[in-house]
Amino acid sequence: MSNISYKLLHKLALQNDGPSPFLMAVLTSIIEATTIDGRARHGAQAQQNLITAIASHSYAKVLFPLCHFMAAGAQHHVPLYQWFSMPQPMTASNIAACFRAANNQTTPSHSINKIDSMVISITNGNYIFDVNLGHVAKHSALLDLIMEIIGYDALETLYGKLGVSQSRHEITTVSNNLARDIYSFLKEHLPTASSEKKARMMRDFLETQTGQMTQISPDEIDDRLILDFWIEYSPDPQSKFRLFTNCAQSWVTYRQAIRLAARNRFQHANSLEAPDEKGRAEIDRADQDAAQAMYDEMVETVDSSDQLQQINPSHLQTVKLLNATEFDHINQIVQFGDDGQALILTILRLATFGPLQARLVEASRKKTMRDDLLADLDDLDAYDAAITRIETAMNTVQGLTEAAAFSLYVSRAPAFLSAALSLADATEQTAVRDSAAAFKAGLTKPVDTNQLAETISKALLDQVPELMPALFERMQNARKKFRRKGLGKPPEAEFDLWVTELANGIESLRGLLPVLGRLVHNNTALTRLKADHDSLQNCFCEDKDMFCTQFNQIYGAAS
Amino acid sequence: MTQKSDGTTVGLDEATAHFVTLDTYKNLQGGLGAAASETATVITFKDLWQAAEHPDNNSSLIASIQADKTQAARFAALLRSMAEFSQPAQAAAATSNIEKRVGADFDLELKSSSRQDGAYFLIIRMHKQTEITPQHLYYCHNNNYNFITLSAVHNGVSQVMISEANPVIDAFNDPTAEFFIK
Amino acid sequence: MTLPTLWIATTRGPVEVVSLTEEDPEIRSVLCLADSFQELPISPLYDSFVRRPTGLIEQITGHPSYRIDLSGPITQGQSWQLGLTVAHLFAAEAQQAGFSPPDALVWTTGRVTPKGMIQQVGEIALKWQMTCAELAGSSWREKPIIVMAHAANIAELQAIEKSSSSGLSITFVPISSVSDIAAYFGLSVGTATAPSVAPSMSKIPMMVAAFIGALAIMAILTKLATDFTAPLSRLDQEGRYRELFMEMRLMRQEGNWLDVNGAFFFQKYLENRAAGLGDDIHIEIRSVSEAGNGCKDRTATITTGTLPDWVHQPCTFQLSVGNKSDRMIGIWVAFTNHVPASKADLLTRNHASLPPGQNITLPEFTVDGTGALKTLLAIATPMPDAELMPWFDAIATARQADSQMISRIHKSGTGVLFASASAAQE
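Chains as they are written, first to last, in our numbering: chain C, 28 to 586; chain G, 2 to 183; chain F, 7 to 432.
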């Protein structure tokens, strides 16, 4: 079976949909913004919070404290541009330093009651309010987006208004206006009509499937439902579910959405009005918790994909851990996240029929329908092969981790030790720590900390076969088995880059192991499928008939 | 059956709403990983700041900014905000000496070279001291912003030699033009 | 003006002085690339080299501002000073009749002190090497070359020529002062480069003064006084008050009897002029009547330090200024509202150049009724006012007339009027 890039499939699904190029350019610019010394302007959480706020339209509650922050800045005569051209990252302490510098230079008409590390209190006439600089730092990327949406000229006018505001109401007005501006902007540049349409179709289908039940659990979205849904909606040329890949991924997202909703901590911005004073503290806490929960949930889902991107063969320079085929295959699996265990059959279907559909799409575009496109489906053990490939992928990831660690060991790079500790078992970890402790205990005079670390590192490297025998053996075996670019002798040039890519690669590969492990090990569904070979073959045959029928309906008869 | 099944149920509508959010989130995340060639080229605040701080090295960027009405207005606001000194438009009635533009922050004077070869000297006399070293004279003429790099300031005076073709001469003679120093 | 072919040695090859132009004294001296308007970064150094009190050139030529066009850039160092000094000497000499520049290439390198002494410089070998390379393809190779520098540098060059002759027709001229340059070329300017403004008493033929008689003595003394104060007059006419005050202080502290008296009488002249200017200008303030706000048409002429009480009313006002003298006067006027614990609000700041007998009305301004103190400041001068502006601005928003600053303005021969009005305490 030839290898079709699943990226292509995803792109095909995203035609005429999703965020506008302008929005993506602006977001990329914000997220990749650096300070003068090359550090990221926004922290990882600020970047995530920006995407979350946009996706969920939950920016209104964030704008309210941000407007208070701008009011404080304006009242202390900090020029607006200074917040957007800070030579340091937007952390709470750096923002506080700006306020302290401004406080020293001017005599503000509205005093700062106190500036501690995270919170400043402002008194403005009868209105006293706090500005939580930690909160501002966590949403600094959203502040940049506001700037890009409404422009420096308009924002400066608002900044001036905030600077002379005397009441909470005035700040609320500005905050609401900003929220409306962002909403209008996103309506144009981040249309959700497509997602909403998909969601409605899926919702309606669920309703019919569950017999008009209004409640849903993740378990009700199973392999059967996904396949039935695809069969029903794929013939429609306007449908976003023509590709089985897209269909499967959308249902995985729906399962994740159910779990997210079940936490009951995320609140949609149904109203653009700011909260009343009584509930503000509680909503603020809930908002932060919800944002964190959403962040955790999304990160858990997306994190594996992000991990995988770290070892994208097209991004690395000195090593090639996974080849393109392996990369695409594993990428497809990790998209399922923890739902892969429940949807193992869907994974097998995707792995088997997905590439075929991609070829059919290409042939259809080029109007070169070939008769032999379905020939690859003659193997009755296709699902067995797919399971084997999944297990192989898991073993490959494990093996590459150990082979990469062995390369670091051979080069005697200190980075090996932290990588090895993460791969070693508990006994070996204890042995290493004990050895280091014993070394330190044996010192007879004070030693420079860096020098000590270096000495301990060298001593441990010498003792690796004794301290971590099982790991060492695994590493040696893995090195023999996996011959990839960069796994071997250290390069003469770009040594530091090589070490970095290997160390990061080990960490990324390790990050994939839990997801793959849960799919492969102790997965009763998979175990059941493997145990009954005939049943698996029958399942494949049935699926083959269904898919071929459907493909004929979608793309026309092959012969 | 999922190993993590916990019998959790939610309303269909609620789940659907969350799906829209998650789907949008994934679209955004997926888009951010796209190749650079697939994204549009936009002028952001960072570009405006670079152009304002280092106009000598960003003449083509400034031209791009000026060509976009929206960005030009934003750039103008940023320049005004960053200006250490400014000289608003001259009141025509108060201008009795066309060789000199008078302002609260600084005066401008234009004198032609005695060599009469088209060289002029633009003399800037600043009335106030500042902690920062003035680097550029900006001016807004016919809704376009241009700049001149200032020479070293001695006793509050900076002088720049320009050709008769320099657009600052037209701006100088136009009472409605505005000048800034930063 | 005709200059000889003059090359200034640099480590990147010789640079030719293409032209030298006298500029308006208000313009700082510049060095620029010929055929472009690209000013060289060392222009401020050149300006200091030209303009008093640090500059040597103005002492020699009497003019404070020049533009020199060069064939190439000079980026650093001070060895260009000798070459430009030579250029200025020739330019000044060329203004006199009967001068023709030498038919030779003049090659120079050297530093020149403010007292006109020549000092040696470095990298002679590299500079000469670059010059020889330039001459290889030039028609000047066949012509006489005058090499002018400090004796030590001349010795270096002679040693280089001795070891590997360039085959050029070179005349080495070691010099130790600007006077040596003038003497070598037979120039009349530059023969005395000390910053003396008074001829020695010994040069005055006492016998002649004694024989001519009392009237002749008075005439000569008057002429001498005029000569002594000529530099002061020039500084006054050019509005260069900082330098004027420094010159007068030097004359009083370090000069001879005539210097001291010259400075004294010139100061008196300036102060009398300042007082006279106060009488020569006419300043009027008018309240413009407006229906509904109680503002009436009222006018007052400001002659003392007091403004009328009605300037505190929230009305529209107008200032008129006039020139009662028979000469052109430049007048600066500022009106300020002072609000307690706040920055002074400069309501109007205007300038007018008035021919004799002319009156003009300045734009209206509005007083909003806040502020318990109003001040008016006016200065008048027949001279360029650029250096007066910092002083003007310093006291335009002051609550009280700073006596030191007022005195300084007065001593520059500029008329000053500071008037104020305080609102009665409620």
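For every residue, glycine included, the Cβ atom is placed at its ideal position computed from N, Cα and C.
query, result
"Can you check the segment 223-306 of chain F for any beta strand (DSSP E) of at least 3 residues that lies completely inside it and give the ranges in chain order?", "287-294"
"Buried or exposed: C:Thr-61, going by 16 or more other Cβ atoms within 10 Å of its Cβ?", "exposed"
"Can you name the residues of chain F whose CB is closer than 7 Å to the CB of G:Phe-122?", "Ile-33"
"Would G:Phe-1 be called buried (16 or more neighbouring beta carbons within 10 Å of its own) or exposed?", "Past the edges of chain G, shown from 2 to 183, lies residue 1 of chain G, and the structure says nothing about it."
"If you reduce the DSSP assignment to three classes, tell me which class C:Arg-290 lands in.", "coil"
"Applying the 10 Å Cβ sphere with the 16-neighbour rule, what's the burial state of C:Ser-136?", "Confidence at C:Ser-136 is low in this model, with a pLDDT of 46, below 50, so its placement is unreliable and the value that follows should be read with caution. Exposed, because fewer than 16 other Cβ atoms sit within 10 Å of the Cβ of C:Ser-136."
"Would you mind sorting F:Lys-133 into buried or exposed? The rule is 16 or more other CB atoms within 10 Å of its CB.", "buried"
"To which residues does DSSP link F:Ser-25 through a beta bridge?", "F:Asp-75"
"In its own chain, which residues sit with a C-beta less than 6 Å from the C-beta of F:Asn-159, not counting the 5 before and 5 after it?", "Gln-126, Ile-130"
"For C:Arg-207, does the count of other Cβ atoms within 10 angstroms reach 16, so buried, or fall short, so exposed?", "exposed"
"Going by CA-CA distance only, name the one from C:Ala-119, C:Glu-223, C:Ile-360 that's closest to C:Lys-267.", "C:Glu-223"
"Can you find the residues in the same chain that come closer than 8 Å, C-beta to C-beta, to C:Asn-342, ignoring five residues on each side of it along the sequence?", "According to the sequence provided, residue 342 of chain C is His. The question's Asn does not apply to it. Once the five neighbours on either side are set aside, the close Cβ partners of C:His-342 are Gln-336."
"Have a look at the DSSP bridge pairing and note the partners of F:Cys-138.", "Looking at the DSSP assignment, F:Cys-138 forms no beta bridge with any residue, so it has no partner."
"Assuming G:Tyr-121 is part of the alpha helix (DSSP H), what are its boundary residues?", "It is not in any alpha helix (DSSP H) - G:Tyr-121 instead sits in the beta strand (DSSP E) that spans 120-127."
"Who are the near neighbours of C:Leu-41 in its chain, counting only those whose CB is closer than 6 Å to its CB and skipping five residues on each side?", "Because the pLDDT at C:Leu-41 is just 47, under 50, the model does not fix this residue reliably, and the value given afterwards should be weighed accordingly. If we look at C:Leu-41 and ignore the five residues flanking it on each side, it has no Cβ neighbours."
"From what residue to what residue does the beta strand (DSSP E) around F:Asn-479 run?", "Chain F is shown only over 7 to 432; residue 479 of chain F falls outside these bounds and no answer can be derived."
"Cβ closer than 8 Å: which chain F residues qualify as neighbours of G:Gln-160?", "Ile-33, Arg-34, Val-36"
"Quick check on C:Pro-218: does DSSP put it in helix, strand or coil?", "coil"
"Check whether the segment 313-322 of chain F touches the segment 379-395 of chain F, taking contact to mean three or more Cβ pairs, one atom from each stretch, closer than 8 Å.", "yes"
"What is the rounded straight-line gap between the Cα of F:Thr-312 and the Cα of F:Ala-306?", "11 Å"
"On the DSSP letters alone, give me the boundaries of the beta strand (DSSP E) that C:Tyr-154 sits inside.", "154-159"
"Short of 7 Å Cβ to Cβ, which residues in the segment 328-354 of chain F face chain G?", "Leu-352"
"When DSSP builds the beta bridges, which residues end up paired with F:Gly-328?", "F:His-288, F:Asn-365"
"Between C:Leu-172 and C:Leu-254, is the Cβ-Cβ spacing less than 9 Å?", "no"
"Does the beta carbon of G:Thr-177 come closer than 9 Å to any beta carbon on chain C?", "no"
"Taking the runs of the beta strand (DSSP E) that are 3 residues or longer, which of them lie wholly in the segment 52-127 of chain F?", "72-76, 111-115"
"CA-CA distance, C:Val-542 and C:Arg-501?", "21 Å"
"Using DSSP with H/G/I as helix, E/B as strand and the rest coil, what is C:Lys-393?", "helix"
"Taking C-beta pairs closer than 7 Å, name the residues in chain F that G:His-1 reaches, listed in chain order.", "Residue 1 of chain G cannot be examined here, being either before or after the span of chain G that is shown, 2 to 183."
"Using 8 Å as the threshold, is the segment 136-155 of chain G in touch with the segment 165-183 of chain G, meaning 3 or more CB pairs across them?", "yes"
"Hey, is F:Pro-362's beta-carbon within less than 9 Å of any beta-carbon in chain G?", "no"
"Would you be able to state if there are at least three C-beta pairs under 8 Å between the segment 458-473 of chain C and the segment 543-561 of chain C?", "no"
"Measuring straight from C-alpha to C-alpha, what distance separates F:Met-123 and F:Gln-87?", "11 Å"
"For the putative contact between C:Asp-118 and C:Gly-70, defined by C-beta atoms under 8 Å, what is the C-beta separation to the nearest angstrom?", "According to the sequence displayed, residue 118 of chain C carries Thr and not Asp. Their Cβ separation, rounded to whole angstroms, is 7 Å, which keeps C:Thr-118 and C:Gly-70 in contact under 8 Å."
"Starting from C:Gln-51, trace the alpha helix (DSSP H) in both directions and tell me its first and last residue.", "One detail in the question is off: residue 51 of chain C reads as Met in this sequence, not Gln. From DSSP, the alpha helix (DSSP H) with C:Met-51 extends over 48-58."
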